[in-house]
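Colleague: Residue numbers for the sequence shown follow the numbering used here, beginning at 189 and rising by one.
Cβ coordinates follow ideal geometry from the N, Cα and C atoms, glycine included.
Fair warning: this is a prediction, and the values are worked out from it, not measured in the lab.
Sharing a structure, written as structure tokens. Questions coming.
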Amino acid sequence: MSTEELETLAALHAAGALDGEERRVFEARLASGEFEAKEELRRFREVAARVALACAPVADPPAGLRERVLGAVRSRAPVAAAVPPVPDSDGLHFVMGSEEDGWQALPVPGARVKLLSLVKERGYAVVLGKLDPGAQYPPHRHLHAEQVFVLSGDLSIGERRLGPGDFHQADAGTWHRVNRSEAGCTILAVISIEDLMAQQQGVPA
């Protein structure tokens, strides 16, 4: 197994998105005490934690932008609500990579998200996102900051191509050009609840 393949498996495992035979193979390497596998998993878990903690309260978006997007969202028929994982008796939340349910298709063909965590008091969510090979997400504006960590595959934002281990932040009020993936991709994203609602409704900002 190449270093790049090991990094991809570790990134997906850290995000709870590794399943099937790949999950069995990677966990067997962990159980054997393989240093490289354990080190890559530790590294990606630290990155995922930093991404989640990075989402602090953000600056206000441009005047009128919030009202315009929220008004458009409220005017649409509601979509099936994504349900965050239920905590256990100790208040701990777990999402296992072998769980196939929880994915929600977006109005954009070939795009879907899976809610991992919803922090209502701070106004943000942590989600997994997937684009199928050849899928394109149309241009859109962000009400709030968004952080994206690429777990696997390729993601092009405008002319900038990202791969496994690459990170991107879009500040509040910024404009995203077309997001596309040639081979398909899985990302971990920290996104405001308002921006997530707009995505679920297919409302361009």
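In terms of alpha-carbon separation, which member of 354, 384, 223 lies closest to residue 196?
Modeller: 354
Colleague: Give me the Cβ distance between residue 311 and residue 377, rounded to the nearest whole Å; I'm assuming they're in contact under 8 Å.
Modeller: Going by Cβ atoms, the distance from residue 311 to residue 377 rounds to 15 Å, so no, they are not a contact pair.
Colleague: Which residues in the same chain as residue 383 place their Cβ atom closer than 7 Å to its Cβ, once the five residues preceding and following it in sequence are excluded?
Modeller: 330, 331, 332, 334
Colleague: Cα-Cα, which of 214, 368, 388, 372 is closest to residue 340?
Modeller: 372
Colleague: Could you give the C-beta distance for residue 381 and residue 367, rounded to a whole number, given that I count them as a contact under 8 Å?
Modeller: Rounded, the Cβ-Cβ distance is 20 Å, inconsistent with contact.
Colleague: Please list, in chain order, all residues of the same chain as residue 351 whose beta carbon is under 7 Å from its beta carbon, the five residues on each side excluded.
Modeller: 338, 342
Colleague: Less than 8 Å between C-beta atoms, sequence neighbours within five positions excluded: which residues of the same chain meet that for residue 323?
Modeller: 296, 297, 298, 299, 368, 369, 372
Colleague: What are the uninterrupted segments assigned as alpha helix (DSSP H) that are 4 or more residues long and contained completely in the segment 292 to 340, given in chain order?
Modeller: none
Colleague: Report the CB separation of residue 379 from residue 313 in whole angstroms; it is logged as a contact under 8 Å.
Modeller: 6 Å
Colleague: When burial is assigned at 16 or more other CB atoms within 10 Å of the CB, is residue 302 buried or exposed?
Modeller: buried
Colleague: Between the Cα of residue 194 and those of 209, 216, 228, 223, spot the shortest distance and give me the residue it belongs to.
Modeller: Selected option, being the one with the closest Cα: 228.
Colleague: With burial defined as no fewer than 16 other Cβ atoms inside 10 Å of the residue's Cβ, what is the status of residue 336: buried or exposed?
Modeller: buried
Colleague: For the beta strand (DSSP E) that contains residue 349, what are its first and last residues?
Modeller: 348 to 350
Colleague: From residue 226 to residue 309, what distance separates their C-alpha atoms?
Modeller: 34 Å
Colleague: Under the DSSP definition of a beta bridge, which residues are partnered with residue 343?
Modeller: 350
Colleague: For residue 366, which three-state DSSP category applies?
Modeller: coil
Colleague: Let me know if residue 218 comes out buried or exposed under the rule of 16 or more other beta-carbons within 10 Å of its beta-carbon.
Modeller: exposed
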